[in-house]
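Chains U and F supply the protein sequences, listed in that same order. Reminder that position 12 of the first sequence reads as 12 in the numbering used here, one-by-one numbering, no gaps. Reminder that position 88 of the second sequence reads as 1088 in the numbering used here, one-by-one numbering, no gaps.
Protein chains: 2
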Amino acid sequence: MILKSQVEWALHCCAILAGLPEGRYLSTKALAEFHGLPKEYLSKALQSLSQAGLVHTTLGPSGGYRLAKAPAELTFLEIVEAVEGRSRTFVCTNIRANNPCRAPGYCEETPCAVARIMWEADEAWRDKLRNVRLSDLVEILSKEIPSDLWKRSFEWVLERAG
Amino acid sequence: MILKSQVEWALHCCAILAGLPEGRYLSTKALAEFHGLPKEYLSKALQSLSQAGLVHTTLGPSGGYRLAKAPAELTFLEIVEAVEGRSRTFVCTNIRANNPCRAPGYCEETPCAVARIMWEADEAWRDKLRNVRLSDLVEILSKEIPSDLWKRSFEWVLERAG
DNA sequence: CTATTAAGGACAAAAAATATCCCTATTTTT
DNA sequence: AAAAATAGGGATATTTTTTGTCCTTAATAG
Ligand code: SF4
Ligand code: SF4
C-alpha cells in the first residue's frame, strides 16, 4: 500500500505556489521543469487540485495555477485527498457473510469491529494531516533550505510566473 | 491507496484462531471454507503470519495453524504489518534533487519536511493499530455477534480443528 | 504406507498506477 | 485579426501491483 507519487508532486507544487506573489500564475510547464517531472502526467495531478477547488487557474499565455486560499487555510489533508481520493484504505469485502453457520441475510447491516478498528486508524492518519497547514510546511522549508538556494528558486519561479 | 484484502483475511483468521483451545490447530482448508476464500491464496497470507512468527504450524493430517502468543499479546499492527509489509505508505522519490537552481550534490542527505510530515501521519496510523490487541477484538465480537451464531461457529471450528 | 498438511516456487489474470498523445476552448500577446 | 500558449480532458499504452492458480517438496499422523 503506497501513496501515488502524485501526492508528493502535488505537495511540492503547492509549496511552490505558496510563494507566488498575489495575482500571478505558474504554468504546468514551469512546475514540471522545476521538479523534473513529466509535464502531461503532472497536469493530471494539478487538475485534481483544480477540481477540488484548492487552486485557481487561468488560460492562455501567462496562464497557469495559483492557490485558491491562503497557505494558512490549506491543509495537507486537502491536498493529499485531492489526488489520492477520499476513500478509506481498508475496504470491507464482507467475508463474514460467507460464514457457513450464519442464518442467511443476517448480520450484514453494520460494519463489524474489524472494519471499525481499521477505520479508526485511518482517521488518526487523516487527523494528523488535517492539522498540518501548508503555511507550516513553508515555514519549516524556509528555515531548512539554504538561503541562497531558496532565493535562486524564488527568482527562477518569478521569471516564469505569468 | 488500498490495503490488500489479505489484511482483512488475516485479521479474521486470527480472530478465529484466538478462540481455538490450547494445543489444537486449524488448517488453511477450514479457514478458507469458513470465510469463503480461495484456499491457495489465503495460504499466502497465513504463510506471511507464520514468517512473522505470529502463528505456529504443524504438518500432516490434523495439522494447521494456532496463535504463537496469547491474544492479549498480539496487536493489530503486527498482523497488518505481517501481510502488508513494514514500509511506509509515503515514498520519497527525491524530486527536490531536480531543482534546476540547486548546486549539484547538495541538499540530499536528510529527508525534507514533506516526507517527515507524511511519515508522522503514517506513524499515527501505526500507533493506533499498535494499541489494539487481538483480545480486544475478540471481546467486542463476543458481545456483538448473536450468541447462537457465535456458538455454532465455535462448534464448526472445533469439529475441524486437529 | 497412505492421506493430509504447510511451504514455497512458477506462472497467469486482473486491476491500478504511471505515463503519453492529441484535441478543444480560452486567453494573452503580437 | 492572427498566432501562440495555456488548462482540461479523452483515448490509449506501458508498467507495476494485486489477486489467484497450479504444482512440487518435506513433514507428520494414523
Ligand atoms: S465488516 Fe468486518 S467481517 Fe465484514 S468484511 Fe468487513 S471486516 Fe470483515
Ligand atoms: S525528501 Fe521531500 S523533497 Fe525530497 S522527494 Fe521526499 S518529499 Fe520530495
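Using N, Cα and C, we set each Cβ at its ideal position, and we do this for glycine too. All values derive from a computational prediction rather than experimental measurement.
Residues of chain U with CB under 7 Å from residue i, in chain order?
i, result
"residue 1081(F)", "Going along chain U, no residue has its Cβ under 7 Å from residue 1081(F), so there is no contact; the nearest lies around 11 Å."
"residue 1226(F)", "For residue 1226(F) there is no data in the structure shown, the boundaries of chain F being 1001 and 1162."
"residue 1003(F)", "1, 89, 90"
"residue 1129(F)", "121"
Around the Cβ of residue i, are there at least 16 other Cβ atoms within 10 angstroms (buried) or fewer (exposed)?
i, result
"residue 62(U)", "exposed"
"residue 153(U)", "buried"
"residue 51(U)", "exposed"
"residue 1081(F)", "buried"
"residue 23(U)", "exposed"
"residue 1027(F)", "buried"
"residue 204(U)", "Shown here, chain U extends from 1 to 162; a query on residue 204(U) therefore has no answer."
"residue 1131(F)", "exposed"
Got a sec: does ligand 3 put a non-hydrogen atom nearer than 7 Å to the Cβ of residue i?
i, result
"residue 1045(F)", "Ligand 3 is absent from the structure shown, which contains only ligand 1 and ligand 2."
If the cut is a Cβ gap below 7 Å, which residues of chain F does residue i touch?
i, result
"residue 86(U)", "In chain order: nothing, as chain F lies at least about 11 Å away."
"residue 101(U)", "1149, 1152, 1153, 1156"
Could you list which residues in chain U have their beta carbon closer than 8 Å to that of residue i, in chain order?
i, result
"residue 1114(F)", "8, 11, 12, 15, 137"
"residue 1057(F)", "Result: empty, since nearest Cβ-Cβ is about 22 Å, beyond 8 Å."
Run through chain F and tell me which residues come within less than 8 Å of residue i, C-beta to C-beta.
i, result
"residue 119(U)", "Result: empty, since nearest Cβ-Cβ is about 10 Å, beyond 8 Å."
"residue 144(U)", "1112, 1113"
"residue 161(U)", "The contacting residues do not exist; residue 161(U) stays about 15 Å from chain F at best."
"residue 124(U)", "1124, 1125, 1127, 1128"
Quick one: list the residues of chain U neighbouring residue i, beta-carbon separation under 9 Å, in chain order.
i, result
"residue 1141(F)", "112, 113, 114"
Length-filtered (3 minimum) beta strand (DSSP E) runs lying within the segment 1043 to 1075 of chain F: Complete beta strand (DSSP E) runs here, min 3: 1055 to 1058, 1064 to 1067.
Stretch-stretch touch, CB-based, cutoff 8 Å, three pairs: the segment 1062 to 1075 of chain F with the segment 1087 to 1096 of chain F: With contact defined as three or more Cβ pairs closer than 8 Å, the segment 1062 to 1075 of chain F and the segment 1087 to 1096 of chain F are not in contact.
Cβ contact check for the segment 1077 to 1084 of chain F and the segment 1123 to 1136 of chain F: 3 or more pairs under 8 Å: Judged by Cβ distances under 8 Å, the segment 1077 to 1084 of chain F makes contact with the segment 1123 to 1136 of chain F, as three or more pairs qualify.
Contact list for the segment 62 to 80 of chain U against chain F, Cβ threshold 7 Å: Under the 7 Å Cβ criterion, the segment 62 to 80 of chain U contributes 76.
The segment 1131 to 1139 of chain F in contact with the segment 1009 to 1022 of chain F per 3-pair CB rule at 8 Å: Taking 8 Å as the limit for Cβ pairs, the verdict is that the segment 1009 to 1022 of chain F does touch the segment 1131 to 1139 of chain F.
Near-chain F residues of the segment 37 to 52 of chain U (beta-carbon distance less than 9 Å), N- to C-terminal order: Listed in sequence order: 37.
Segment contact flag, the segment 30 to 49 of chain U with the segment 1030 to 1044 of chain F, C-beta cutoff 8 Å, min 3 pairs: Segment contact: the segment 30 to 49 of chain U against the segment 1030 to 1044 of chain F, fewer than three CB-CB distances shorter than 8 Å; contact not assigned.
Complete alpha helix (DSSP H) runs within the segment 69 to 137 of chain U (minimum length 4 residues, chain order): If only uninterrupted alpha helix (DSSP H) runs of at least 4 residues are considered, those enclosed by the segment 69 to 137 of chain U are 76 to 84, 113 to 130.
Segment contact flag, the segment 1039 to 1053 of chain F with the segment 1001 to 1012 of chain F, C-beta cutoff 8 Å, min 3 pairs: Three or more pairs of CB atoms, one per stretch, sit closer than 8 Å, so the segment 1039 to 1053 of chain F contacts the segment 1001 to 1012 of chain F.
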